[in-house]
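To start, the structure under review is shown below, and the notes come after it.
Protein chains: 2
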Amino acid sequence: MLKHQATIKEIAQQLGVSISTVSRALQNNPRIGLRTRERVWELAKQLHYRPNPAALVLKKKQTHTIGVVLPFLKEEFFSTAITAIEDALLGYNVVISQSRDNLEREKGALTTFLSSRVDGVIASISAETHHYLHFRELENFGIPVVFFDRVPRNVPAHKIRSNITQAAKELVDFLAGKGLERIALLNGPPQLEVAEERQRGYLQAMNERNLPILPQLICSSDLSREDTQAKVHYLLSREPKPQAIITFNDYVSLHAIEKARSEGVIPNQEIYFASFANLPMMEYAHFPPIASVEQFAYTMGQQAAELLLQLIQNPASDETPYQEVWVETKLVIREPGV
Amino acid sequence: MLKHQATIKEIAQQLGVSISTVSRALQNNPRIGLRTRERVWELAKQLHYRPNPAALVLKKKQTHTIGVVLPFLKEEFFSTAITAIEDALLGYNVVISQSRDNLEREKGALTTFLSSRVDGVIASISAETHHYLHFRELENFGIPVVFFDRVPRNVPAHKIRSNITQAAKELVDFLAGKGLERIALLNGPPQLEVAEERQRGYLQAMNERNLPILPQLICSSDLSREDTQAKVHYLLSREPKPQAIITFNDYVSLHAIEKARSEGVIPNQEIYFASFANLPMMEYAHFPPIASVEQFAYTMGQQAAELLLQLIQNPASDETPYQEVWVETKLVIREPGV
DNA sequence: CTGTTAGCGCATTCAG
DNA sequence: CTGAATGCGCTAACAG
Numbered sequence: 036m037l038k039h040q041a042t043i044k045e046i047a048q049q050l051g052v053s054i055s056t057v058s059r060a061l062q063n064n065p066r067i068g069l070r071t072r073e074r075v076w077e078l079a080k081q082l083h084y085r086p087n088p089a090a091l092v093l094k095k096k097q098t099h100t101i102g103v104v105l106p107f108l109k110e111e112f113f114s115t116a117i118t119a120i121e122d123a124l125l126g127y128n129v130v131i132s133q134s135r136d137n138l139e140r141e142k143g144a145l146t147t148f149l150s151s152r153v154d155g156v157i158a159s160i161s162a163e164t165h166h167y168l169h170f171r172e173l174e175n176f177g178i179p180v181v182f183f184d185r186v187p188r189n190v191p192a193h194k195i196r197s198n199i200t201q202a203a204k205e206l207v208d209f210l211a212g213k214g215l216e217r218i219a220l221l222n223g224p225p226q227l228e229v230a231e232e233r234q235r236g237y238l239q240a241m242n243e244r245n246l247p248i249l250p251q252l253i254c255s256s257d258l259s260r261e262d263t264q265a266k267v268h269y270l271l272s273r274e275p276k277p278q279a280i281i282t283f284n285d286y287v288s289l290h291a292i293e294k295a296r297s298e299g300v301i302p303n304q305e306i307y308f309a310s311f312a313n314l315p316m317m318e319y320a321h322f323p324p325i326a327s328v329e330q331f332a333y334t335m336g337q338q339a340a341e342l343l344l345q346l347i348q349n350p351a352s353d354e355t356p357y358q359e360v361w362v363e364t365k366l367v368i369r370e371p372g373v
Numbered sequence: 036m037l038k039h040q041a042t043i044k045e046i047a048q049q050l051g052v053s054i055s056t057v058s059r060a061l062q063n064n065p066r067i068g069l070r071t072r073e074r075v076w077e078l079a080k081q082l083h084y085r086p087n088p089a090a091l092v093l094k095k096k097q098t099h100t101i102g103v104v105l106p107f108l109k110e111e112f113f114s115t116a117i118t119a120i121e122d123a124l125l126g127y128n129v130v131i132s133q134s135r136d137n138l139e140r141e142k143g144a145l146t147t148f149l150s151s152r153v154d155g156v157i158a159s160i161s162a163e164t165h166h167y168l169h170f171r172e173l174e175n176f177g178i179p180v181v182f183f184d185r186v187p188r189n190v191p192a193h194k195i196r197s198n199i200t201q202a203a204k205e206l207v208d209f210l211a212g213k214g215l216e217r218i219a220l221l222n223g224p225p226q227l228e229v230a231e232e233r234q235r236g237y238l239q240a241m242n243e244r245n246l247p248i249l250p251q252l253i254c255s256s257d258l259s260r261e262d263t264q265a266k267v268h269y270l271l272s273r274e275p276k277p278q279a280i281i282t283f284n285d286y287v288s289l290h291a292i293e294k295a296r297s298e299g300v301i302p303n304q305e306i307y308f309a310s311f312a313n314l315p316m317m318e319y320a321h322f323p324p325i326a327s328v329e330q331f332a333y334t335m336g337q338q339a340a341e342l343l344l345q346l347i348q349n350p351a352s353d354e355t356p357y358q359e360v361w362v363e364t365k366l367v368i369r370e371p372g373v
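Residue numbers (our numbering), protein chains in the order written: chain S, 36 to 373; chain L, 36 to 373.
And the structure:
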């Protein structure tokens, strides 16, 4: 039982040298004699010495910790992004916090991050988030914030995003190519820029193809299963019924399809479903959306981490412009004949 | 732009009092006059003062941080457990690290935890982990470690576990009740106690029911899709073929079923599949296992967190016995007529 | 009721 | 080549 983490002071005492000698030796400072350095290193190893990060933080003003807030870890899109962030931020501690699509939780996470003096923050905002003051506060303290995927709307910030507008157009084009006309949009919370973009792309494509834009076929869910299914019920009771429904993401799609089936609809036959994310688990789903926009979660996480790293290293003066990085998407079609 | 976190020193200077007065006032120490306390609090608020945790750590020897290592965040069982841990450990920072079923990564995570002086660790070991020295090292430094679900085999430790042996028996009983006799076991890595328990329960139940125990129908996967599918190929080429396959968990089951289908088997008709975990996503799977053991991930995470909290608070002398907590399981049958 | 001081573990400046 | 002294932000024992 050691029960105690060794300090340079102890090493110094045992070796009969001064603390600063040990400190320097441990940093392989050439000013310290080779012989001494070796002795110090040896004893350090023997005592399982590890520098106390708290002391380092106090001196260096850098915690080597970054905070990540995102809605749900259980969504594979986000857990994959986390993996990328971990990989890109080797040497940093990554503290993760789930907002669970709740603004108050999100604020709480940021407060914790501020208190613990993280060096930077990566965020994907909650479905409830309609202002970004809590993020701005971090920036006021010089802590850079990079958003990915769910970025705030109409707000200058560092953003890693997919070209959702374009992807939404491709989705409409694909469905229209199948001869479908009444295409509905079951979107996510309007305060999310990614929702606005879906709608923009949807409208553009519908217009370009001279398809009818029916306001009653455009609605949005707060992403809960209940709300999604209520909206599906609403859509299915319109006249004429939609022939296709584009949903905010694969989870919404799954919930939507479940509801549609319970109302007697045969998915991707009577009504086509298409969505965003292209989660791996869709491969095993009974009734997956027929098409989904692959969003490359790993790449997004990676880009976010790399940008943050850059912002942390370069002082980030007040004049530094906000960066926007665009990540490719890819339309994945699931042919029915499996 | 503030760009600078205020300190008690600054507050003290601006108020013309001493540092310790401020420190005490902020702790609402009654020794400080009410008037002074109010002034301190007010200025602190105004300056957005937040205590520097690094300084606190240096004094108090407590980081209020706990580390969690587990195989994959993207497995819903684990992300749910994390959520429970977060909920139970309010006020603590939770640092998460994925081993990705890799021993070296697991060791790396623990080294980081040791360096950063976490107050405790919660772990679910990797598929490769066959010794626990890296965990013992933390304990040698007085850092308590609680394992959940994937606990090390034949090693005294704090463990939160399901009664897997019992659950495995129920699984066999269920399948035998359907008149099936040749029941195979596609298990996980043998070094996991949870794998051993599956086998124990399987063997017991098979024996009690006088069913044939065929060694060639018992094998284990390293949990990768490839290995799982290779083992399925092996099982399907035995003579006589198994009538049912119990798999390590739902993911293995999904991969197994996928392979079986590609070999022309109709799942849960020609060959029945049953497994552990009962992931919510199974509800949407095309060919889910017919039965799955619900393991209550949230409860397990919660119990782990609560036990850890207790260990952190109670000094944990060398005499403290290792605790074992058992969490209920529940057999969930998915009736085919959906 | 309040101030002074020491010290947590470490890097670093200034002296030898 | 090495040591002494200082300070990072904070608490707490000791002194008034």
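The C-beta atom is built at its ideal place from N, Cα and C for all residues, glycine as well.
Boundaries of the beta strand (DSSP E) harbouring L:Arg-196: 193-197, taken from the DSSP string. Taking a beta-carbon distance threshold of 8 angstroms, L:Pro-106 does not count as an interface residue toward chain S. Remark: C-beta atoms of S:Asn-198 and S:Thr-364 approach each other more closely than 8 angstroms. At least 8 angstroms separates the beta-carbon of S:Thr-146 from that of S:Asn-128. Ranking L:Ser-159, L:Lys-95 and L:Gly-143 by CA distance to the CA of L:Pro-106 puts L:Ser-159 first. If you compare the alpha carbons of L:Lys-95, L:Lys-96, L:Pro-88 and L:Gln-97 with that of S:Leu-93, the shortest gap goes to L:Pro-88. With a contact defined as Cβ atoms closer than 8 angstroms, S:Arg-217 and S:Pro-275 qualify at about 6 angstroms. Around the beta-carbon of S:Tyr-357, fewer than 16 other beta-carbon atoms lie within 10 Å, marking it exposed. Following the DSSP letters along the chain, one finds L:Ala-309 inside the beta strand (DSSP E) bounded by residues 307-312. With a 10 Å radius around the Cβ and a threshold of 16 neighbouring Cβ atoms, L:Leu-168 comes out exposed. One Cα belongs to S:Val-153, the other to S:Ile-131, and the distance between them is close to 12 angstroms. By a beta-carbon distance limit of 8 angstroms, L:Leu-271 does not contact L:Leu-252. Their separation comes to about 11 angstroms.
Within its own chain, the residues whose Cβ lies closer than 6 angstroms to the Cβ of L:Val-57, once the five positions on either side in sequence are excluded, are Ile-43, Ile-46, Ala-47 and Val-75, listed in chain order. Residue state for S:Asn-175 is assigned as helix, using DSSP reduced to three classes. Cβ-Cβ separation between L:Gly-236 and L:Ala-202: approximately 7 angstroms, consistent with a contact (criterion under 8 angstroms). Taking a 10 Å sphere around the C-beta of S:Leu-69, we find fewer than 16 other C-beta atoms and assign the residue as exposed. When secondary structure is reduced to three states using DSSP, S:Glu-341 falls in the helix class. In the structure shown, L:Pro-187 adopts extended strand secondary structure according to DSSP, grouped into three states.
C-alpha of S:Leu-173 to C-alpha of S:Val-156: approximately 9 angstroms in a straight line.
For S:Gln-337, the number of other beta carbons within 10 angstroms of its own is at least 16, and it is reported as buried.
In this structure, the straight-line span from the alpha carbon of S:Ile-67 to that of S:Ile-54 is close to 12 angstroms. Between S:Val-328 and S:Lys-294, the gap from beta carbon to beta carbon reaches 8 angstroms or more. As a beta-bridge residue in DSSP terms, L:Ser-132 pairs with L:Val-104. When Cβ-Cβ separations below 8 angstroms define contact, S:Ala-89 makes contact with chain L.
L:Ile-280 is not a Cβ neighbour of L:Asn-303, given a cutoff of 8 angstroms. Contact with chain S is found for L:Glu-121, since one of that chain's Cβ atoms lies less than 8 angstroms from the residue's Cβ. By the C-beta density criterion, L:Gln-62 is exposed, having fewer than 16 other C-beta atoms within 10 angstroms. For S:Glu-111, the nearest beta carbon of chain L is closer than 8 angstroms to its own beta carbon. For the alpha helix (DSSP H) assignment, the uninterrupted runs of no fewer than 4 residues enclosed by the region 266-302 of chain S are, from N- to C-terminal side, 285-297. In terms of beta-carbon proximity, S:Tyr-319 lines the interface with chain L, with at least one pair separated by less than 8 angstroms. Proximity of chain L to S:Thr-118 at the Cβ level (cut-off 9 angstroms) is accounted for by Phe-107, Leu-108, Lys-109, Gln-133 and Arg-135, in chain order. Per DSSP, the beta-bridge partners of L:Phe-182 are L:Ala-158 and L:Lys-194.
DSSP places S:Leu-249 outside any alpha helix (DSSP H), giving it a letter other than H or E.
The beta carbon of L:Asn-137 sits closer than 8 angstroms to those of Ser-161 and Glu-163, all from its chain and outside the five residues before and after it, given in chain order.
A straight-line Cα-Cα distance of about 26 angstroms links S:Arg-296 and S:Met-241. Per DSSP, the beta-bridge partners of S:Ile-368 are S:Ala-326.
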